[in-house]
Every structure is written in structure tokens, then in C-alpha cells.
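Student: Below you'll find the structure I mean.
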Amino acid sequence: MEQIKIGNTLIDYRLIHSSRQKTIELTIDLDSGFTVKAPSNMSKEEVAAKLQRKASWIITNLDKMNEVIRNETRKEFVSGEKFLYKGKHYRLKVIQVNEEIVPSLTFTHSKFIAHVPINVLEYDYPRIIQPLFINFYHEKAEKVLNQRARKYLLYFDDKPSLIKIQALKNKWGNCSKTNQLRFNWRVVMAKMSIIDYVVVHELCHTKYKDHSKAFWNEVQKILPDYETRKEWLRINGDLLRI
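Residues in the sequence shown are numbered from 1 upward in steps of one, following the UniProt record's numbering.
Next comes the structure, spelled out in C-alpha cells:
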């Protein structure tokens, strides 16, 4: 996977070189994301330069795709649907077994597998399977966010008195006056660079309780490219949902 920075936004794209390709070709769709096809003799630097010249088209069409995703119908929690975890999409496989089993969800590093009683009808899958996903994300968020917080605590004298995972409304994180940190479980759906930004952002609030210049300078000391991560979250945050 390649990346290009347009403004403050870092955009991932798949680059395919082909001897049959005479000119550069860009496609953006829900299944494949952003794909760039280029002639085999075109260097990555040349591709990047051409993409910069098409920046307006890229941003416009990525926004359109994200709008479609935001407006799509609620997930049905059926086999084949994709779910985000740490920045990657994984398909769900639903397996119906005997009526006595307790519904469960497992993650195999390549897909999600949900086991449900055989007498549960498909239209009832959201009621049964969605809570399993929420529990999964909540548990993983607690582990991942605590790990990332420990990594960045080296930069701070004031330590958080508590780190808790919650379903926060309209926030990715919160730092109280007593330095209690609370994080939205949905953030674990994002890639690690975004998770780190949310963690560092809240840790910096243990030192500065506002969004002053001093606060942002503190964030920048730890994450020099924080603006790119912040912008990604602003644009794509609505996609981190089930």
C-alpha cells in the first residue's frame, strides 16, 4: 500500500504497474478503495507527481465515497459483510449451530466468525450479533489503548489516574480535571497511527486542559505529523461505526 499527502490528509492507495497500461488510471470504489494503475516504466515518484496534479479529483471522489458509506443502510450482520478492526476490513462469517448454544464472536486474524443458534432468523442477526461486536471492540480497545498509553507515558510527568473505555458521544477521548482518561471504544476500529493520535491528544490534556497553542505544541513534539492524523479522523471518523 502506497501513501500520498494532499494538504494535511494522508491518503492510502494501491499501486499496480502493468506493461499493458499506457497512461495512469485512477479508480475509487467501495470494494477496492483508491487504486492507481500505471505503466510499468513509471516510477513511484512520477506517479506521486501526477496524483498531486489530480488532487482535487481525488479529494472530491473520496468524499463522495465516504458520503455513500455514511449514508448506507445499517449493517445486517450477515456473512460477507466487512467490519473494521485496527484500520483493516475483515469479512464476517455467520455459522448456525444447535439451538442451545450461546451466541459468540471470534476473530481469526483473517475474518470474524459468529456462531448463532440455528433457530435465529437472518432479520434478527443485528439484535444478536451487534452486541457481540461491541463487546469485542470494547475488550480490544481496553488492551490496545492501555498498551499505547504506556508507550507514550514516557513523555509525561503527570500520569493519568485512570484509563477507561466507554461509549462516548461525539468524542474520541476525554481527560478530566483529575487526569482520568476515557476513550471511545470505536477508536480501535482505526489504524494504529490514528489510535496513537487520540491517545497522545488526551495525554497532553494531563498537562494542558485546553486546546491552546501550548497544547498543540506539546502534541507536535510527540507526533510531528499530528495534523495529518487529526485531519484523517475529522474526515473519516464517521466510518468508524457499526
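Positions of the beta carbon are idealized from the N, C-alpha and C atoms, including for glycine. Just so you know, these numbers come straight off a predicted model, no measurement behind them.
Is the separation between the beta-carbon of Ala141 and that of Val187 shorter than 8 Å?
Tutor: Position 141 of the sequence shown, counted from the start, is the residue given in the question as residue 141. Position 187 of the sequence shown, counted from the start, is the residue given in the question as residue 187. Yes, the pair counts as a contact, with Cβ atoms nearer than the cut-off.
Student: To the nearest angstrom, how far is it from the Cα of Pro117 to the Cα of Glu99?
Tutor: By one-based count along the sequence shown, residue 117 stands at place 117. By one-based count along the sequence shown, residue 99 stands at place 99. Near 4 Å, if we compare the C-alpha coordinates of Glu99 and Pro117.
Student: Helix, strand or coil for Tyr208 per DSSP?
Tutor: The residue you call residue 208 lines up with position 208 of the sequence shown. Looking at Tyr208 - three-state DSSP - the assignment turns out to be coil, as it is neither helix nor strand.
Student: Please classify Lys68 as buried or exposed, where buried requires at least 16 neighbouring CB atoms within 10 angstroms.
Tutor: Here residue 68 corresponds to residue number 68 of the sequence shown, with the count starting at 1. Checking the sequence shown, residue 68 turns out to be Val, not Lys. Exposed, since its Cβ has fewer than 16 Cβ neighbours within 10 Å.
Student: Check this for me: beta carbons of Ser104 and Tyr90, under 8 Å apart or not?
Tutor: Taking the first residue of the sequence shown as 1, we reach residue 104 at position 104. Taking the first residue of the sequence shown as 1, we reach residue 90 at position 90. For Ser104 and Tyr90, no; Cβs fall outside 8 Å.
Student: To the nearest angstrom, how far is the alpha carbon of Leu239 from that of Asn66?
Tutor: In the sequence shown, the residue the question calls residue 239 occupies position 239. In the sequence shown, the residue the question calls residue 66 occupies position 66. Each residue's alpha carbon lies about 7 Å from the other.
Student: Take the Cβ of Pro160 as the centre, count every other Cβ of all protein chains shown within 10 Å, and call the residue buried at 16 or more, exposed below.
Tutor: For the purposes of this step, residue 160 is taken as residue 160 along the sequence shown, with counting starting at 1. It is buried - the Cβ of Pro160 has at least 16 other Cβ atoms within 10 Å.
Student: Return the first residue and the last residue of the alpha helix (DSSP H) that Pro131 is part of.
Tutor: Locating residue 131 in the sequence shown gives position 131, where the first residue counts as 1. Element bounds for Pro131: 125 to 152.
Student: Alpha carbons only, please: which of Lys209, Leu10, Leu51 is nearest the one belonging to Glu25?
Tutor: Start at 1 with the first residue of the sequence shown, and residue 25 comes out as number 25. The residue with the shortest Cα to Cα distance from Glu25 is Leu51.
Student: Which term fits Val94, buried or exposed, when burial requires 16 or more other beta carbons within 10 angstroms of its beta carbon?
Tutor: Taking the first residue of the sequence shown as 1, we reach residue 94 at position 94. That one is buried.
Student: Going straight from the alpha carbon of Ile4 to that of Phe183, what length do you get?
Tutor: One-based indexing of the sequence shown puts residue 4 at position 4. One-based indexing of the sequence shown puts residue 183 at position 183. In a straight line, the C-alpha of Ile4 is about 29 Å away from that of Phe183.
Student: Within 10 Å of its beta-carbon, does Val47 have 16 or more other beta-carbons around it, so buried, or fewer, so exposed?
Tutor: Against the sequence shown, residue 47 aligns to sequence position 47. Buried, because 16 or more other Cβ atoms sit within 10 Å of the Cβ of Val47.
Student: Does at least one heavy atom of the ligand SAH sit under 7 Å from the Cβ of Pro117?
Tutor: As far as ligands go, the structure on display features none, and thus does not contain the ligand SAH.
Student: Could you give the C-beta distance for Glu173 and Glu202, rounded to a whole number, given that I count them as a contact under 8 Å?
Tutor: For this step, residue 173 is matched to residue 173 along the sequence shown. For this step, residue 202 is matched to residue 202 along the sequence shown. At residue 173 the sequence reads Gly, which differs from the Glu that was named. Yes, Gly173 and Glu202 are in contact; Cβ-Cβ is about 4 Å, under 8 Å.
Student: List, from N- to C-terminal side, the beta strand (DSSP E) runs of 3 residues or more that fit wholly inside the segment 41 to 125.
Tutor: Counting only runs of 3 or more, we get 82 to 85, 88 to 97, 104 to 107, 111 to 117.
Student: Consult DSSP for Ser18 and reduce its assignment to one of helix, strand or coil.
Tutor: Translated into positions along the sequence shown, residue 18 becomes position 18. In the structure shown, Ser18 sits in a strand (DSSP, three-state: E or B).
Student: Could you name the residues of the same chain whose beta carbon sits closer than 8 Å to that of Lys54, not counting the 5 residues immediately before and after it, in chain order?
Tutor: Along the sequence shown, one-based indexing puts residue 54 at 54. Hits under 8 Å: Leu26.
Student: With DSSP collapsed to three states, give me the class of Ala190.
Tutor: Taking the first residue of the sequence shown as position 1, residue 190 is located at position 190. Coil.
Student: Distance, Cα to Cα, Ser193 vs Gly87?
Tutor: Against the sequence shown, residue 193 aligns to sequence position 193. Against the sequence shown, residue 87 aligns to sequence position 87. If you take the alpha carbons of Ser193 and Gly87, they lie about 9 Å apart.
Student: Please classify His205: is it buried, with 16 or more other beta-carbons within 10 angstroms of its beta-carbon, or exposed?
Tutor: Residue mapping note: residue 205 aligns to position 205 of the sequence shown, counting from 1. It is buried - the Cβ of His205 has at least 16 other Cβ atoms within 10 Å.
Student: Which residues bound the alpha helix (DSSP H) around residue 244?
Tutor: This structure leaves residue 244 out entirely; the chain is present only between 1 and 242.
Student: Apply the 10 Å Cβ neighbour rule to Lys230 and answer buried if 16 or more other Cβ atoms are within range, or exposed otherwise.
Tutor: Translated into positions along the sequence shown, residue 230 becomes position 230. It is buried - the Cβ of Lys230 has at least 16 other Cβ atoms within 10 Å.
Student: Under a CB-based cut-off of 8 Å, is Lys88 close to chain C?
Tutor: Judged by its chain identifiers, the structure shown contains no chain C, having just a single protein chain.
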